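Comments concern the structure below.
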Amino acid sequence: MPNPRGRHEPHHRQQQWTNIDRMKDPTRIPRILEELRATWEGQPDLELATLFGVLQNRGVGWGTDDDTLVEALRELRHRRPPRVENGDTGRFIVDTTGPDCRVMIDPHRVVVRRPGASGVACQPGVWEYSGIIRCEVGSPLLIDDREQVRHRLGVVTGIERVSEHPLRQETSLGGLTRKLLDDRVLLIRVEGGTSVVVSRALSVFTPTRRTVEQTRHPWARLVTVTPGEPLVIELPGRGQRLELGPVTECFFLEG
1 MPNPRGRHEP HHRQQQWTNI DRMKDPTRIP RILEELRATW EGQPDLELAT
51 LFGVLQNRGV GWGTDDDTLV EALRELRHRR PPRVENGDTG RFIVDTTGPD
101 CRVMIDPHRV VVRRPGASGV ACQPGVWEYS GIIRCEVGSP LLIDDREQVR
151 HRLGVVTGIE RVSEHPLRQE TSLGGLTRKL LDDRVLLIRV EGGTSVVVSR
201 ALSVFTPTRR TVEQTRHPWA RLVTVTPGEP LVIELPGRGQ RLELGPVTEC
251 FFLEG
């Protein structure tokens, strides 16, 4: 800074101004803490130190600059968001408690899976919705269907974005084996209201007049899974097959 009297500033004062020029803007701190808060809200069961460990596994450590930290926080929050809102794209799995549910949400539809009394899952409920009223970790999951009936599906314990795309009809899964399916979950619906959940095992839900009958099978390969054609699945053992009615829908719930 120029001296109005033409004198030189003392060396210590020149050093003070230099340090001020190099000091980072302290107003950035609330913004970065807000990024941390928003990300932590998506996984509130984690201790803060554990969250730092997750970030460390993503390359964040001593000396990481703030921009890189914010980018890592946003990437983590994209996969494990604190909430889902109307207009969000992609496909989300929402876990709830009281009652326990595993809910798939995309921009148009909801698929609700509940465990049965014996621990075996019940028939999935599939319906279109008119609006997400609330879907936030730690809050009740409230969704209105097309008839404006509000569904209360428990308190949200976690949300995961499993795909960037909404549900899509699968038309060419013939030949898919148990090994190739890996950890994905497939839902097949056939005429008459029967639903088939294909994962490590095969769960077939057949509605009757008074109840829904469920059978479980090991399986080896999907033979025919084409909309409008009978569903044919190969079971372990020579020549054993499960044949059901014509396929109406087929899509991946997870994976």
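In UniProt numbering, the protein residues as written are 1 to 255. Every residue gets a Cβ at the ideal spot worked out from N, C-alpha and C, and that includes glycine. Owing to the predicted nature of the structure, the values given are computational and were not obtained by experimental measurement.
- [ ] Consider the Cβ of E234: report whether some Cβ of chain B lies at a distance smaller than 8 Å.
- [x] The structure shown contains no chain B, having only a single protein chain.
TODO: Would you kindly check if the distance between the Cβ of T68 and the Cβ of V60 is under 8 Å?
DONE: Yes, the Cβ-Cβ distance between V60 and T68 is below 8 Å.
Open item on the list: Classify A72: buried if its beta carbon has 16 or more other beta carbons within 10 angstroms, exposed otherwise.
Closed with: buried
Open item on the list: Within 8 Å, do at least three Cβ pairs link the stretch 73–93 to the stretch 150–164?
Closed with: yes
Open item on the list: Rounded to the nearest angstrom, what separates L153 and G53 at their Cα positions?
Closed with: Counting only the Cα atoms, G53 lies some 32 Å from L153.
TODO: Measure how close the beta-carbons of R83 and E47 come, nearest whole angstrom, since I'm counting them as under 8 Å.
DONE: That belief does not hold up - the Cβ atoms of R83 and E47 are roughly 21 Å apart, past 8 Å.
Open item on the list: Less than 8 Å between the C-beta atoms of T224 and G193, yes or no?
Closed with: no
- [ ] Pull up the CB-CB distance for L186 and I233, whole angstroms please, since I reckon it's below 8 Å.
- [x] The Cβ separation is near 11 Å, so there is no contact.
- [ ] Check whether the Cβ atoms of T96 and V156 lie closer than 8 Å to each other.
- [x] For T96 and V156, yes; Cβs fall inside 8 Å.
Open item on the list: Suppose contacts are defined by Cβ-Cβ distances below 8 Å. Is P99 in contact with R113 by that definition?
Closed with: no
- [ ] Note the first and the last residue of the continuous alpha helix (DSSP H) segment covering V54.
- [x] L48 to N57
Task: Chain-order list of residues whose beta-carbon lies under 7 Å from that of L167 (same chain, five-residue window excluded) - done: R91, D106, R109 and F251, listed in sequence order.
- [ ] Give the straight-line distance between the Cα atoms of L33 and E229, rounded to the nearest whole angstrom.
- [x] Here the C-alpha atom of L33 lies approximately 55 Å from the C-alpha atom of E229.
Open item on the list: Between P227, T208, R221 and Q240, which has its C-alpha nearest L181's C-alpha?
Closed with: R221
TODO: Closer than 8 Å by C-beta to I133: which residues in its own chain qualify, once you throw out the five before and the five after it? Chain order, please.
DONE: L142, I143, D144 and R150
TODO: Hey, could you find the ends of the beta strand (DSSP E) P30 is sitting in?
DONE: Careful: P30 lies outside any beta strand (DSSP E), inside the alpha helix (DSSP H) at R28 to E41.
TODO: Please classify T248: does DSSP put it in a helix, a strand, or coil?
DONE: Looking at T248 - three-state DSSP - the assignment turns out to be strand.
Open item on the list: Between P227 and T171, how many whole angstroms is the CB-CB distance? I'm expecting something under 8 Å.
Closed with: 6 Å
Open item on the list: I'd like the span of the beta strand (DSSP E) that includes V103, first residue to last.
Closed with: C101 to I105
Task: Length of the line joining the Cα atoms of G131 and E213 - done: 31 Å
Open item on the list: Considering only DSSP beta bridges, list what S195 is partnered with.
Closed with: R189 and F205
TODO: Would you grab the beta carbon distance between R80 and G42 for me? Rounded to a whole angstrom, and I think it's under 8 Å.
DONE: 4 Å
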